[in-house]
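Since the structure comes first, as structure tokens, the remarks are kept for the end.
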Amino acid sequence: MSVQAENKDSKSSLRNETQLRLLALRKLVRDGDASTQEEICEALRKQDFDVTQSTVSRDLRRIGAVKITSPDGEGVFHLPEELSGLQQRVSHDLTGLVTEIKSNETMIVMHTMPGSASLVARHLDNLRDDLGILGTIAGDDTIFVTPLSIKKIALIVRKIENEF
289 MSVQAENKDS
299 KSSLRNETQL
309 RLLALRKLVR
319 DGDASTQEEI
329 CEALRKQDFD
339 VTQSTVSRDL
349 RRIGAVKITS
359 PDGEGVFHLP
369 EELSGLQQRV
379 SHDLTGLVTE
389 IKSNETMIVM
399 HTMPGSASLV
409 ARHLDNLRDD
419 LGILGTIAGD
429 DTIFVTPLSI
439 KKIALIVRKI
449 ENEF
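One point on numbering: in the working numbering, the residue at position 70 of the sequence shown is 358, and numbering is uninterrupted.
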């Protein structure tokens, strides 16, 4: 077998293993068995995947998983498709997650309960045309909101406040 053929087989095998690992990770997240990256590592290792925490971190980003704090204070990973349904069910409950909304002449900054910024930001992004925003960037408990027009920041802040 030529070196090129071996490299091709090796790359194909690696690609298949990555796909299988991502499928297993999605199942763990969907089943709610994903509170910490270390727990995910252990669960994947039990399935004979050779993973590190950094591999799991990259894979979680790759599948779009977001860690959301549940009402009992425990963080749990969710997939994007789960979040839209979750958001519809809890949109009326988002009020308690936002702790502060501030703005200046160019930007709006929101503070949320720890671990809730991604959920709130996704809700805002789903309403971006109605709110007049370009989009959001969320951390753990802080959201930067970029307005479509800085001339309408006060109006946008009022619309956001009405959502929460």
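Cβ atoms here follow ideal geometry from the backbone N, Cα and C, with glycine treated the same way.
Proximal residues to residue i (C-beta, below 7 Å), its chain only, five neighbours per side dropped
i, result
"residue 368", "352"
"residue 347", "309, 310, 313"
"residue 378", "With a pLDDT of 49 at residue 378, under the threshold of 50, the modelled position of this residue cannot be trusted; read the value that follows with caution. Around residue 378: no qualifying Cβ."
"residue 394", "438"
"residue 333", "339"
Contact set for residue i: own chain, Cβ-Cβ below 8 Å, skip 5 residues either direction
i, result
"residue 323", "362, 363, 364, 365"
"residue 402", "357, 428, 429"
"residue 422", "416, 434, 435, 436"
Proximity to residue i [Cα-Cα], best of the options
i, options, result
"residue 457", "328, 438, 433, 392", "Missing from the structure shown is residue 457; the chain here goes from 289 to 452 and no further."
"residue 408", "386, 416, 340", "386"
"residue 345", "334, 337, 326", "326"
"residue 315", "303, 305, 304, 331", "331"
"residue 450", "425, 415, 337", "415"
"residue 447", "424, 410, 418, 335", "418"
"residue 420", "384, 396, 319, 337", "396"
One or two residues paired with residue i in a DSSP bridge
i, result
"residue 320", "Answer is none; residue 320 lacks a bridge partner."
"residue 356", "364"
Own chain partners of residue i with C-beta closer than 6 Å, once the 5 adjacent residues on each side are dropped
i, result
"residue 391", "441, 445"
"residue 234", "An answer regarding residue 234 cannot be provided, because it is not within the stretch 289 to 452 covered by the chain."
For residue j and residue i, believed in contact at Cβ under 8 Å, the rounded distance
i, j, result
"residue 329", "residue 339", "5 Å"
Min CB distance residue i to chain B below 9 Å
i, result
"residue 335", "Here there is only one protein chain, and chain B is not present."
Which full runs of the beta strand (DSSP E) of 3+ residues lie inside the stretch 367-436, going along the chain?
386-391, 396-400, 421-426, 430-435, all fully within the stretch 367-436.
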